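Structure record follows, encoded as structure tokens.
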Amino acid sequence: MSHSLDVLQSRIEGGGRVSADEALFLYRFAPTWWLGRMADLIRRRKHPEGIVTYIIDRNVNYTNVCVARCNFCAFYRPVGHHQGYVLSFDEIFRKIDETIALGGVQLLMQGGHNPDLPLDWYEDLFRAVKSRYPSFKLHALSPPEVVHLSRMSKLSPPEVIARLVAAGLDSIPGGGAEILVDRVRKLLNCYGKATADEWLDVMRHAHRAGLRTTATMMYGTVETDEERLEHMLRLRALQDETGGFTAFITWSYQPEHTERGGTEATGIEYLRTLAVARIVLDNFDNLQASWVTQGGQVGQLSLAFGANDMGSVMIEENVVRAAGAEYCMDEVEIVRNVEDAGFVAKRRSMHYEVLGDPMFRERDLPRQLELATARAAGDTSVPAELVNYPARSAAAKRQRAQPPSPVA
Ligand code: SF4
């Protein structure tokens, strides 16, 4: 592989595209400062006004019960496990109330593949949310969750998406992509939950149905450099086709408490991956800094390596927290990091429309960290409304068959 940095620099400066081979050369051999310079140049071309955005929303994991059993995941509990939970509608409403009190505009809702939550549970929940909070947005259900619902309901993914949209779904988060190469997915035990093609197809159908979505990449497990780039190139091709992705977010695998174990990629590897993503994904407008996994300081540095967005300010991210990522920043902290890096901080919607200046400068707000509550481990209460849906798993059927415990 012999390429010249000068040739690639003039191509990138002229707005040209890099090939798979050239991207691999850059990822492996370009100096880190050079990658940062090119990524920053593209970021400035796409966002010349020097604004860095973020969204006030809340990450809610509605259930941790999951049949997929990905071996990089520290969050899930098998069906029937004593620490399995499902949030009640009332708990979700309470979280929305708190989010709105902090100026939040949407819920990012993702969860395990729970066989006892049928499609109509999601439809009832979305309808209930929309009737209580008509302008509040639901950014929910990553492609593998859509595939799971499609299998359970025996409806095609486009039919599932249409039903969810009719119930109130606004957009789809790009989770569950890991690496979009089936060799890797088999090794991570996530091929069964969705193949690379299935993930991309859900996004294709969602975009065709008029939804905007994000795209993610989790690197640092078993994949090769070529496979990371194949992932990016598959996203680039779909974006050429549909234009439906709003943003790309990459983070490193968080190994703590997972079946797979291993070590976490370094900060430099993160910055190089982010910068190469900015160069390769020339048809993506927005790149998020993943400060939840990288910490505020590397998150801030990301702004010099192609990122133009700080993601969500309100953290209730049980999946990465369960695997050891514990960074937490509220709006005050995000804005401090953005401004200290020389940018103007603005609040945005999921569609990246600027909504305004930092909320805490407009009105008095409680510090968000006080409200960002992870569910206490071991709380396994079963929400009352679950009896409205037939039990499907053997564990849930057994539990339903038990007589109610006597009231003291
Ligand atoms: S990553 Fe998601 S699908 Fe995989 S085991 Fe964890 S909760 Fe289940």
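Plus 43 on top of the position in the sequence shown (first one is 1) and you've got the working numbering.
Just so you know, even glycine gets a beta-carbon here, dropped at the ideal spot from N, CA and C.
Just so we're clear, the structure is a prediction, and the values are computed from it rather than from any experiment.
Strand pairing of residue i, partner residues [DSSP]
i: Trp294; result: Met261
i: Leu183; result: Looking at the sequence itself, residue 183 is Ala, so the reference to Leu does not match. Met152.
i: Gly286; result: None; Gly286 has no bridge partner.
i: Arg101; result: Leu150
i: Lys389; result: Thr96
i: Ser355; result: Ile98
i: Gly339; result: The partner list for Gly339 (beta bridge, DSSP) is empty, contrary to what the question assumes.
i: Leu324; result: According to DSSP, Leu324 bridges with nothing at all.
i: Ile85; result: The partner list for Ile85 (beta bridge, DSSP) is empty, contrary to what the question assumes.
i: Gln52; result: Answer by DSSP bridge pairing: none, since Gln52 is not bridged.
Contact check, residue i vs residue j, beta carbons under 8 Å
i: Ile292; j: Gln343; result: no
i: Pro177; j: Ser436; result: no
i: Trp294; j: Ser333; result: yes
i: Phe288; j: Phe327; result: yes
i: Val129; j: Tyr105; result: yes
i: Ser131; j: Ala427; result: yes
Option in the options with minimal Cα separation from residue i
i: Asp64; options: Arg303, His46, Ile55; result: His46
i: Arg54; options: Thr75, Trp76, Gln126, Ile85; result: Ile85
i: Ser174; options: Asp163, Ala210, Glu270; result: Ala210
i: Asp383; options: Glu134, Leu346, Leu398, Arg391; result: Leu346
i: Asp225; options: Arg379, Glu134, His274, Val319; result: His274
i: Glu92; options: Phe288, Asn351, His300, Asn431; result: Asn351
i: Ile135; options: Phe115, Pro161, Gln126, Phe179; result: Phe179
i: Pro74; options: Val190, Gln52, Arg88, Asp400; result: Gln52
i: Phe403; options: Glu376, Ser392, Val397; result: Glu376
i: His125; options: Val425, Gln445, Tyr432, Thr306; result: Val425
i: Gln297; options: Val319, Val265, Leu272, Ala320; result: Val265
i: Ser196; options: Pro433, Phe115, Gln153; result: Pro433
i: Asp268; options: Thr316, Gly219, Trp77; result: Thr316
i: Lys440; options: Trp77, Leu160, Leu398; result: Leu160
i: His191; options: Met372, Cys109, Gly305; result: Cys109
i: Gln153; options: Gly339, Asp167, Leu184, Ala171; result: Leu184
i: Gly235; options: His90, Ala220, Val378, Glu307; result: Ala220
i: Leu324; options: Asp49, Leu48, Gly58, Val50; result: Gly58
contact_flag[the segment 105-123, the segment 199-215] where n(CB pairs < 8 Å) is 3 or more:
no
Count Cβ pairs between the segment 281-289 and the segment 221-231 that sit closer than 8 Å; are there 3 or more?
no
Using 8 Å as the Cβ pair cut-off and three pairs as the minimum, do the segment 266-282 and the segment 294-314 touch?
Counting Cβ pairs under 8 Å, fewer than three are found: no touch.
Are at least three pairs of beta-carbons, each pair with one atom in the segment 88-103 and one in the segment 133-153, less than 8 Å apart?
Contact between the segment 88-103 and the segment 133-153 is present, because at least three Cβ pairs lie under 8 Å.
For the 8 Å Cβ check, are there 3 or more pairs between the segment 250-262 and the segment 212-225?
Yes, the segment 250-262 touches the segment 212-225.
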